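S.K.: I am attaching a structure below and will ask some questions about it afterwards.
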Amino acid sequence: MDEMNVDFAVPDAVSAPDDVSVPERLQDLVIDSEDVGGFLHELAVFSASAVSQAVGLDVLCGITLSRRRRTATVAGSTHEARLIDEVQQAYGDGPCLEAMRSHGTQHVPDTSAEDRWSEYCTVIAERGHLSALCVPLELDEGATAALNFFAPQAHAFDEATIRNCELYASQAERSLRLAVRIGVKQQHAEDLQDAMRTRTVIDLASGIIMGQNRCTQEEAFQILKKASSTRNQKLRDVAESLVKSVAKQAPVAHFEA
């Protein structure tokens, strides 16, 4: 998409200085958020405020993020915004999901008279959401997302607003891409720590068995595996139970403070 300044004003609700640009504010959201879910919520709130000011209506924003081997993550500027997107997930089709599949903007000028996705549109129209605009976000391979705007008035989004939303999305997707990458690295770090904790408790349990049975480490490990299978419990749980019974407290990995 072409580079240009989006006409959206920085919302008062985010308490940003007057000279803060949209890209700068989006970057701040990434920095200030603890995880991807938190960033999505703040992005939805910021986006709803910006578009509401642009169209002069109380616009809600929902965001759906789909990543490989993960359930879809849904966030919203309000509980209602989140609910609208969750309803669409339940139906398995709708303008948001189509935007993510087709990588193209989906505009529903009047949800009460929409032939596409008629069941879903009827539901949200009855809840007072008469316009919908869903703009895809281009992310890294294996991840897709969309900004979903809902207005209480039919034909709320004109061509200029749609164009501005698409330009805004091109800025927002950069921040979301960064947030997802950070989230992946955080998850990898957590997985590594969990693996190290598991290794620690299994090693401790094996040591206890070696002392009790005067056997090798491999023989002790096989005893643990057999107990795990017999009890139908995870190997780590069996090992932790043994260590607790001896030490009277949960084992602590050596890398923890």
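In terms of the working numbering, the sequence shown opens at residue 1037 and continues consecutively.
Each residue gets a CB set at the ideal place from its N, CA and C atoms; glycine is no exception.
Since we're looking at a predicted model, the values are computed, not measured.
Look up Thr1082 in the DSSP assignment and say whether it is helix, strand or coil.
M.R.: According to the sequence shown, residue 1082 is Phe rather than Thr. Helix.
S.K.: Can the beta-carbon of Leu1133 be found less than 8 Å from the beta-carbon of Thr1109?
M.R.: no
S.K.: With DSSP as the reference, label Thr1180 as helix, strand or coil.
M.R.: strand
S.K.: Could you tell me which of Asn1249, Ala1090, Arg1118 sits nearest to Ile1099, measuring between CA atoms?
M.R.: Arg1118
S.K.: From which residue to which residue does the beta strand (DSSP E) around Glu1150 run?
M.R.: It is not in any beta strand (DSSP E) - Glu1150 carries neither H nor E in the DSSP assignment.
S.K.: Where does Glu1209 land, buried or exposed, given buried means 16+ other C-beta within 10 angstroms?
M.R.: It is buried - the Cβ of Glu1209 has at least 16 other Cβ atoms within 10 Å.
S.K.: Do the region 1153 to 1173 and the region 1183 to 1198 make contact, defined as three or more Cβ pairs closer than 8 Å?
M.R.: yes
S.K.: Classify Arg1210 as helix, strand or coil using the three-state DSSP reduction.
M.R.: Three-state DSSP puts Arg1210 in a helix.
S.K.: Taking C-alpha atoms, which residue in Asp1071, His1191, Gly1128, Val1072 lies nearest to Thr1147?
M.R.: His1191
S.K.: My output table needs one value for Cys1097: the three-state DSSP class, helix, strand or coil.
M.R.: strand
S.K.: Quick one, are the C-beta atoms of Gly1073 and Ala1111 less than 8 Å apart?
M.R.: Yes. Within cutoff.
S.K.: Since Ile1244 and Cys1251 are thought to touch, with beta carbons under 8 Å apart, how far apart are those beta carbons, to the nearest angstrom?
M.R.: Contact between Ile1244 and Cys1251 does not hold, since the beta-carbon distance rounds to 11 Å and is not under 8 Å.
S.K.: If you draw a straight line from the C-alpha of Val1123 to the C-alpha of Asn1200, how long is it?
M.R.: 27 Å
S.K.: Start and end of the alpha helix (DSSP H) containing His1115?
M.R.: 1115 to 1127 is the span of the alpha helix (DSSP H), which, as asked, contains His1115.
S.K.: Is the beta carbon of Asp1071 less than 8 Å from the beta carbon of Pro1188?
M.R.: Using a Cβ distance threshold of 8 Å, Asp1071 and Pro1188 do not count as a contacting pair.
S.K.: State the DSSP-derived secondary structure class of Ala1293, mapped to helix, strand or coil.
M.R.: Any reading at Ala1293 must be qualified, since the residue scores a pLDDT of 32, below 50, and its modelled position is unreliable; the value itself is stated next. It is coil, neither helix nor strand.
S.K.: Can you give me the Cβ contacts of Thr1114 inside the same chain, cut-off strictly under 7 Å, excluding the 5 residues immediately before and after it?
M.R.: Leu1096
S.K.: Excluding the 5 residues preceding and the 5 following Val1282 in the sequence, name in chain order all residues of the same chain whose CB lies nearer than 6 Å to its CB.
M.R.: Ile1244
S.K.: Using DSSP with H/G/I as helix, E/B as strand and the rest coil, what is Gln1258?
M.R.: The three-state reading of DSSP puts Gln1258 in helix, counting H, G and I together.
S.K.: Report all residues from its chain with a CB closer than 6 Å to the CB of Ser1102; omit the five preceding and five following residues, and keep chain order.
M.R.: Ala1108, Thr1180
S.K.: My output table needs one value for Ala1187: the three-state DSSP class, helix, strand or coil.
M.R.: strand
S.K.: From Ser1211, Ala1231, Arg1267, Ile1238, pick the residue whose C-alpha is nearest to that of Glu1255; which is it?
M.R.: For the set Ser1211, Ala1231, Arg1267, Ile1238, the Cα lying nearest the Cα of Glu1255 is the one of Ile1238.
S.K.: Determine the DSSP secondary structure at Gln1142, reduced to helix, strand or coil.
M.R.: For Gln1142, the secondary structure class from DSSP, reduced to helix, strand or coil, is strand.
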